[in-house]
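A.B. asks: Before I ask anything, let me first share the structure, which is written out below as C-alpha cells.
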C-alpha cells in the first residue's frame with residue numbers, strides 16, 4: 020500500500036505521461052485505479068469510468084489524431100481527500116511524417 024498522497028500521485032502521473040504513447044500507457048497502468056472516474060469539460064458526455072476506458076481513449080487518440088506521445092502542462096492543482104482537481108493543458112505529439120524530397 021502506498022503512502023503517497025493523491026496530490027503526489029497526480030503529480031507523478033502528469034510528470035510521466037509521456038513523451039511516448041507507451042510511456043502514457045505504462046503510467047496509466049502503474050498509477051490509475053481500475054475504477055477511476057475522470058471527467059473533463061471537453062468530454063462531459065463521455066466520462067471515463069475505468070482504467071480500460073482511459074486506455075481506450077489513449078488508443079483512439081493515437082488512431083484518430085495520430086498522437087504518438089503526450090505531455091501535460093499543469094497550471095493549477097488542488098486536492099480534497101482523494102479527489103484531485105487540475106487545470107492543465109494536454110499536449111498530444113503528432114506522428115512524425117516523412118519529408119517529401
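Residue numbers (the working numbering): 20 to 120. The beta carbon of each residue, even a glycine, is placed where N, CA and C say it ideally should be. In this text, all values refer to a predicted model and were calculated from it rather than measured experimentally.
Would you decide whether residue 99 is buried or exposed? Buried here means 16 or more other CB atoms lie within 10 Å of its CB.
C.D. replies: Along the chain shown, read from residue 1 onward, the residue named residue 99 stands at position 80. Residue 99 is exposed by the Cβ-count criterion.
A.B. asks: Does the Cβ of residue 37 have 16 or more other Cβ atoms within 10 Å, making it buried, or fewer, making it exposed?
C.D. replies: Numbered from 1 along the chain shown, position 18 holds the residue referred to as residue 37. It counts as buried.
A.B. asks: Is residue 89 helix, strand or coil when you go by DSSP?
C.D. replies: Taking the first residue of the chain shown as 1, we reach residue 89 at position 70. Residue 89: strand per DSSP, three-state reduction.
A.B. asks: Counting C-beta neighbours from all protein chains within 10 Å, is the total for residue 34 16 or more, i.e. buried, or is it exposed?
C.D. replies: Within the chain shown, residue 34 is the residue found at index 15, counting from 1. Flag for residue 34 reads exposed.
A.B. asks: State the DSSP-derived secondary structure class of residue 117, mapped to helix, strand or coil.
C.D. replies: For this step, residue 117 is matched to residue 98 along the chain shown. Confidence at residue 117 is low in this model, with a pLDDT of 47, below 50, so the placement of that residue should be treated as unreliable; the coordinate-derived value is given next. The answer is coil: DSSP assigns residue 117 none of H, G, I, E or B.
A.B. asks: So, helix, strand or coil for residue 109, using DSSP?
C.D. replies: Position 90 of the chain shown holds residue 109. The answer is strand: DSSP assigns residue 109 an E or B state.
A.B. asks: Can you give me the C-alpha to C-alpha distance between residue 107 and residue 95, rounded to a whole angstrom?
C.D. replies: Within the chain shown, numbered from 1, the residue matching residue 107 stands at position 88. Within the chain shown, numbered from 1, the residue matching residue 95 stands at position 76. Taking the straight line joining both Cα atoms gives about 7 Å.
A.B. asks: Roughly how far, in whole angstroms, is the beta-carbon of residue 67 from the beta-carbon of residue 55, given that I think they are within contact range, below 8 Å?
C.D. replies: Residue numbering aside, residue 67 sits at position 48 when the chain shown is read from its first letter. Residue numbering aside, residue 55 sits at position 36 when the chain shown is read from its first letter. 6 Å between Cβ atoms; contact.
A.B. asks: Can you give me the C-alpha to C-alpha distance between residue 113 and residue 97, rounded to a whole angstrom?
C.D. replies: Locating residue 113 in the chain shown gives position 94, counting from the first residue. Locating residue 97 in the chain shown gives position 78, counting from the first residue. When rounded, the distance between both Cα atoms is 30 Å.
A.B. asks: List in chain order: all unbroken alpha helix (DSSP H) runs of 4+ residues lying wholly within the region 21-54.
C.D. replies: 25-34, 40-50
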